[in-house]
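Here the structure is laid out as structure tokens; the discussion comes afterwards.
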Amino acid sequence: IEAFDWKHGVFLASQLKSESTAAAEFTGKQIMHDPFAMRPFVGYNFGHYIQHWLDFEKDPDNKLPKIFHVNWFRLDENNK
Numbered sequence: 147i148e149a150f151d152w153k154h155g156v157f158l159a160s161q162l163k164s165e166s167t168a169a170a171e172f173t174g175k176q177i178m179h180d181p182f183a184m185r186p187f188v189g190y191n192f193g194h195y196i197q198h199w200l201d202f203e204k205d206p207d208n209k210l211p212k213i214f215h216v217n218w219f220r221l222d223e224n225n226k
């Protein structure tokens with residue numbers, strides 16, 4: 147999915163879920179909210195973290211990239 151604009155891309159990233167990994171505090175195949183796929187690594191208020199990304203749009207000199215949401219873990223009916 148291509149984001150409509152920068153704010154929509156930040157929204158999409160903030161809504162990510164993923165399976166737990168060795169880097170996370172959980173083991174096994176638990177699906178958890180994982181905004182920006184950074185849950186185990188963000189060491190400060192997540193609202194401030196999201197605002198940091200939204201603020202990139204305020205600088206007219208920033209050339210913001212397109213943002214795409216990709217499901218790298220999607221499986222078909224044969225689990226492939």
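Going by our numbering, the first residue of the sequence shown is number 147, and it counts up by one from there. A virtual CB, placed ideally from N, CA and C, is assigned to each residue, including glycine. Note that this is a predicted model, so its numbers are computed, not measured.
For SER166, the closest alpha carbon among the candidates LYS212, HIS179, PHE214, HIS215 is that of HIS179. Judged by DSSP in its simplified three-state form, LYS175 adopts coil rather than helix or strand. Within the same chain, TRP152, PHE202, GLU203 come within 8 Å of LEU210 by CB-CB distance, once the 5 residues on both sides are set aside. Residue environment for GLY193: exposed (fewer than 16 other C-beta atoms within 10 angstroms of its C-beta). If you draw a 10 Å sphere on the C-beta of ARG220, you find fewer than 16 other C-beta atoms in it, and that means exposed.
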